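Chemist: Sharing a structure, written as structure tokens. Questions coming.
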Amino acid sequence: MSNTKKQELIQRVDKALDDVRPHLAVDGGNVEVVDITEDHIVKIKWLGTCENCSMSMMTMKAGVEQALIGKIPEVSAVEAINGIGVG
Numbered sequence: 001m002s003n004t005k006k007q008e009l010i011q012r013v014d015k016a017l018d019d020v021r022p023h024l025a026v027d028g029g030n031v032e033v034v035d036i037t038e039d040h041i042v043k044i045k046w047l048g049t050c051e052n053c054s055m056s057m058m059t060m061k062a063g064v065e066q067a068l069i070g071k072i073p074e075v076s077a078v079e080a081i082n083g084i085g086v087g
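With our numbering applied, the sequence shown closes on residue 87, and no number is skipped along the way.
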């Protein structure tokens, strides 16, 4: 994937996350797009209270990943680079 295509995809993903962010913000959290791999795996970083939340894995799969795949079919998965259960 070219750098231009990658940047365009990151922008689309970031815009799609705007639908999820208000739900995260209610509990003092947020999410940031860090990277998208060649396999179209979106790498995210949990921010605020989401980073240490025991429900972040469920939020990622049931909320973030489903929202992104529903709006951007070329996204194959979402992985967190921080938070509980990472590292």
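Beta carbons: idealized from backbone N, C-alpha and C, even for Gly. Note that the structure is a prediction, hence the values are computed from the model and not measured.
Between GLY29 and the rest of its own chain, which residues show a CB-CB distance below 6 Å, the 5 nearest in sequence each way excluded?
Modeler: GLY48, THR49, CYS50
Chemist: Go through the stretch 26–77 residue by residue and report every complete run of the alpha helix (DSSP H) that reaches 4 residues or more, in order.
Modeler: DSSP runs (the alpha helix (DSSP H)) wholly in the stretch 26–77: 66–71.
Chemist: When the Cα atoms are used, what is the spatial distance from THR4 to ILE10?
Modeler: A direct Cα-Cα distance of roughly 10 Å separates THR4 from ILE10.
Chemist: Near ASN82, which residues of its chain fall below 7 Å by C-beta distance, leaving aside the five closest residues on each side in sequence?
Modeler: LYS45, TRP46, GLU51
Chemist: Based on DSSP bridge pairs, tell me the residues matched to ALA80.
Modeler: ILE44
Chemist: Taking the beta carbon of GLU38 as the centre, do at least 16 other beta carbons fall within 10 Å, making it buried, or is it exposed?
Modeler: exposed
Chemist: Can you say whether MET55 is buried or exposed, counting buried as having 16 or more other CB atoms within 10 angstroms of its CB?
Modeler: exposed
Chemist: Mind checking GLU65: buried by the 16 CB within 10 Å criterion, or exposed?
Modeler: buried
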